[in-house]
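From first to last, the protein sequence lines stand for chains X and L.
Whatever position you read off the first sequence (first residue = 1), add 19 for the working numbering.
Oh and the second sequence: position 315 is 298 in the working numbering, straight run, nothing missing.
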Amino acid sequence: MGRSHANLLRGALELLILKSLSWEPRHGYGIAEWIESATDARLLVEEGTLYPALHRLESKKWIRADWGLSENNRHAKFYELTSRGRKQLDSETAVWQEYSEAVTKALTLETSMPK
Amino acid sequence: MTDLPERFRRVFRNPWRRDRTTRDIDDELRFHLEMRIKKLIAGGLDPESAKVEALRRFGDMQDVESACHNLRKRHYKRKYMQSVIDAATQDIRFALRSLHKKPGFAAAAVLSVAIGIGVNVAVFTLLYTVLIAPLPFAQPERLVAVEASAPEQDIQRMAVSYPILLDWQEQNRSFVAVAGFWYTNYTFTGHGRPERIRGTQVTANITEVLGVEPILGRTFRPDEEGPGVSNVVLIGEGLWRRRFGSDPEVVGQVITLGGQQFTIIGVMPAHFRFPEASDLWAPFPWDATFPRFARFINVVGRLRPDQSMERALADMNILAGRLGEEYPDTDGGIGVRLTGLRQWIFGDETEPILIFYGIVCLVLLLACANVANLTLARNATRNQEVAIRTSLGASRGRMTRQFFTESLLLAVIGGAAGIAIGVYGRQLILALAPVNMPYLAFEIRPVVVVMISAIVIASGLLFGLAPAITSVRTDPAGTLQSLSGRLTDGLQKASFRSFLVTCEIAIALAVLIGSNLMVKSALRQRAVDPGFTTENLATVFVTPPDANYPGPEEITDFYDRLLATVVAMPGITDASIATELPKGSIDRSIPIYVEGTALPNTAQFPSYPTQNIEAGYFATTGIPLLRGRDFTNRDFRGAQPVVIVNESFAQRHWPDESPLGKRLAFQGLPESDEDWFEVIGIVADTYNAGYGGPVHPGVYLPARQLPSWDVFLVARTVADPRSVMANLREAIWSIDPDLPLSEFRTMEEVLLETNWQIRIYSWVLGFFSVIALLLASTGIYGVMAYTVARRSREFAIRVAVGADPRTVLAMVIRQGGALCAVGLLVGVALATIGMQFFATLLFDVSPSDIAVYGISLGAMMAIGLAATYVPARRAIRMTPMDVLGQE
């Protein structure tokens, strides 16, 4: 799994983070867990890449961070979706779907010239 | 290099003293790893392999850490900027609110600043144009005005003749090129009404020397200069727009100038009006055979890149010496004088403008002092606010910033208003100055805007500094305890404010003295007897084109018809013709030889101011004829040449005998008896070398014997000359409807225009002094009102326990008086020093005129006392109940 792969997936990763937070605030590890189970552990190969993405999203004010207590009473940093982030999630989801459908359709074509 | 300590910190990281960002990132990542390990162990791995697996799944720890770190840093930076902007917005909003709460203070402060900055904008723009702005030519610093001088005759600057110019052009070794020019006016006929156009005759290389390109067409070719070779002209952008509707096809069109046909070869850009509001340029129509003694051409040269002014001067003087040997009659004893072109153009205007700017800066300082004063007075009542905010945790820095924000806000609002005033004031200056200030394109340029912004900010800091320091220094505990600290605090502040007021009074007095000296000069100048009757004289400039009036016969015939028609008009009693109006200066001087005196060479014949007049000129203008007779119709061409001299001329040359019958010669020695001019009359002196100045010996020549095409008609009217102007115009056009007429003015208007300088100075300075007085009196009033408010409790108690109210009144007035007295003393000193620079602008008034000083001092003192009296009255009117009621 090379770097190019990671870059390619950066947009997807950010989108998934937003999605994971759409239900409730989570800490980084919680987000990783969610992504792992939601994607059958196929996407987030290096968990570390999650954290720069989180900082980027925070800078963009799509998510907000705050220190809190985890479920096992540990000091942990929790992330929460802002209203701006929620809007972003909606619009990006739509874009992503359209895009992936188009790409999928193209890649699964069997004839050289579609009608 | 800068990140070296950063790296050290990373290497020797103390786990207990990591910075917050690093700690946060570490904690977060550690939490992740621990949770993962826990989960892996729960899934059945042993702790050691769980740790290895967790790290493997995490990826490159170092990478993630530094990526997070960089992102954080950027994030904080952005956040910090945001917080600065937020704080500033908050400060400004707060400042606006607190200004809004005291509208009187805000208005006074803004007005002070606006006036201070407004006059600054106006005068600085002028200063910039005259002193700093580059002339609109290529490499203007290499352009030099070249003039002749005759040191032996004490003549500093002289024009040159065409043959001399040609010699300079060919033989000099210092200039890339040398060009000549002289002012000629042209009568433009054809396209619509006839018009007089300011034009210039030039050498063909003038555009090359100045480095200017036409916006349309081409410039002159060398072979277009000379007699009868070409009739080509360049026109200015203004003329092109006005008379040709900016026609792009104008090049090649033929126009009629003075009855001659000229072909337009190009259009010059709008900024090119060389030498002075010129709209038309034509090449000289002469060659080397042109008389060498006829000096009227101005010369400008472009220095070679490697040549200095000194070397050029030495070189030119050698050349002049050589020419002097070659042509001793005309060039003997003639030297050369070089002046930088800017200096040559603006020389006379620089000094007054610098003086003005000095005064304007004083006014701005005064405005700043005043605002500082007002702010201090206002802040005195804000002690409690400051104390409360400080004790609630506002830092001193924060409070200082707050005060500066308020000051800057005042400065910016005032500055904006000031720029508006400045733009208007600039137009006012232009309107007040009726003469054509050359090259004053006079627009507000970026440099000026930058400069003014700097002034605005500097003045904001200047008047914000003192209040900010003194207010923040207030001891919060003390202020809150004593609730308002009536009797004890504020001594230091009061003394600082007294200092400011002293400065204000001093500056205001100095400006007042300056303006009173100027006003007195203007009055003195008005009172000067011009030597003739100025009332009820109408004047008009008549310029018959020589195409319609080709010879002397036609033009004298025209004089006859013109005068006959005008004198026949109702409401006009007398009329005559002259080449110049008796406006105080005669521009034309010609060399004159007085028969019987020693015979020098031609170049050294002394020159005398001369004008050509028609019969009846003295009767019309009221210049007394002292002896002999006036010119008459019989003094025509071919008759005995005659001349009338002024009293000074008679005194200079024939102090002990009758001048009548003496003989003069013009422009060289006469070859025969017919060339001698006989003196037939002596008239009283009128000013011919500056109004109110010394009178030079001068002569009047008969226009009938030496006709001139460009003349003034002077008509004496029964009533207000304005009332006959329209009729006069119609009457003249009834003789010739194509006759260009211009400058319809009464003689009084002519004199006003001539004396504009002192008048404009007295107006502008009068304006400044009113502002200065206003500012200073509000300053005194502010301080005294403040003192009275501070001590109102004390005064009320004094009066209540039986003190005579008048004693209290006297006490307050004495305090104000003392303040004034110090300011007045300093002001007199300031004025005495400053007025030394002023002496050249004054007219017949000493810069240390006792009466002016006395009146100014008195006025300033009266204003100071009045400003003290009002608050003092208030002090004794208060009862203890009033004072207690305030608390």
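Just so it is clear, CB atoms sit at the ideal spot from N, CA and C, and this is done for glycine as well.
- Within the stretch 33 to 55 of chain L, the residues whose Cβ lies closer than 8 Å to some Cβ of chain X are Arg40, Phe41, Gly42, Asp43, Met44, Asp46, Val47, Ala50, Cys51, Leu54, Arg55, listed in chain order.
- Counting only Cβ-Cβ distances below 8 Å, phenylalanine 14 of chain L has contacts in chain X at His46, Gly47, Tyr48, Ser89, Arg93, His94, Ala95, Lys96, in chain order.
- Residue-level contact check: methionine 251 of chain L does not touch chain X, since none of the beta carbons of chain X fall below 9 Å from its beta carbon.
- DSSP, reduced to helix, strand and coil, places asparagine 499 of chain L within a helical segment of the structure shown.
- DSSP places proline 30 of chain L inside the alpha helix (DSSP H), whose first and last residues are 30 to 41.
- Per DSSP, tyrosine 683 of chain L lies in no alpha helix (DSSP H); the unbroken beta strand (DSSP E) holding it starts and ends at 682 to 685.
- The beta carbon of phenylalanine 120 of chain L is closer than 7 Å to those of Leu126, Leu193, Gly194, Val195 in its chain, skipping five residues each way along the sequence.
- Within the stretch 612 to 645 of chain L, the complete alpha helix (DSSP H) runs of at least 4 residues fall at 630 to 636.
- With a cutoff of 9 Å on beta-carbon distance, glycine 398 of chain L and valine 439 of chain L are scored as near each other.
- In the three-state reduction of the DSSP assignment, proline 527 of chain L falls in the coil class.
- Under the DSSP definition of a beta bridge, glycine 163 of chain L partners with L/Val282.
- Rounded to the nearest angstrom, the gap between the Cα atoms of serine 41 of chain X and serine 102 of chain X is 10 Å.
- Proximity of chain L to arginine 75 of chain X at the Cβ level (cut-off 7 Å) is accounted for by Leu54, in chain order.
- With a contact defined as Cβ atoms closer than 8 Å, threonine 172 of chain L and threonine 239 of chain L qualify at about 5 Å.
- Its Cα nearest to that of alanine 598 of chain L, the residue L/Tyr683 stands out among L/Tyr683, L/Ile198, L/Asp9.
- Annotation for proline 71 of chain X: the continuous alpha helix (DSSP H) segment containing it runs 69 to 78.
- Within the stretch 218 to 245 of chain L, the complete alpha helix (DSSP H) segments of 4 residues or longer fall at 220 to 227, listed in chain order.
- For the set L/Thr790, L/Tyr744, L/Ala441, L/Glu726, the Cα lying nearest the Cα of arginine 179 of chain L is the one of L/Glu726.
- For glutamate 66 of chain X, the chain L residues whose Cβ falls inside 8 Å of its Cβ are His15, Arg19, Arg40, Phe41, Gly42, in order along the chain.
- In the three-state scheme derived from DSSP, where H, G and I count as helix and E and B as strand, glycine 567 of chain L is classed as coil.
- Using a Cβ distance threshold of 9 Å, arginine 379 of chain L and aspartate 74 of chain L do not count as a contacting pair.
- Excluding five sequence positions before and after glutamine 184 of chain L, the CB atoms of its chain that fall closer than 6 Å to its own CB belong to Trp165, Thr167, Ala265, Phe267, given in chain order.
- Taking all protein chains in view, the Cβ of arginine 509 of chain L is surrounded by fewer than 16 other Cβ atoms within 10 Å, so the residue is classified as exposed.
- Of the residues assessed, leucine 445 of chain L falls on the buried side of the cut-off, its CB having 16 or more other CB atoms within 10 angstroms.
- Shown here, glutamate 518 of chain L sits in coil according to DSSP, grouped into three states, outside any helix or strand.
- Spanning the alpha carbons of arginine 712 of chain L and leucine 724 of chain L requires a straight line of approximately 8 Å.
- In the structure shown, the three-state DSSP call for valine 122 of chain X is helix.
- Here serine 641 of chain L is exposed, its C-beta having fewer than 16 other C-beta atoms within 10 Å.
- Excluding its 5 nearest sequence neighbours in each direction, threonine 761 of chain L has C-beta neighbours in its own chain below 7 Å: Ala91, Asn353, listed in chain order.
- C-alpha of leucine 149 of chain L to C-alpha of glycine 837 of chain L: approximately 60 Å in a straight line.
- Glycine 182 of chain L has L/Thr167, L/Leu263 as its beta-bridge partners, per DSSP.
- Taking 8 Å as the cut-off between beta carbons, the residues of the stretch 55 to 88 of chain L near chain X are Arg55, Arg57, His58, Arg61, in sequence order.
- The Cβ atoms of isoleucine 606 of chain L and alanine 667 of chain L sit closer than 9 Å to each other.
- CA-CA distance, glycine 87 of chain X to glutamate 11 of chain L, rounds to 11 Å.
- With its beta carbon at least 9 Å from every one in chain L, serine 131 of chain X lies outside the interface.
- Collapsing the DSSP output to three states places tryptophan 86 of chain X in a strand.
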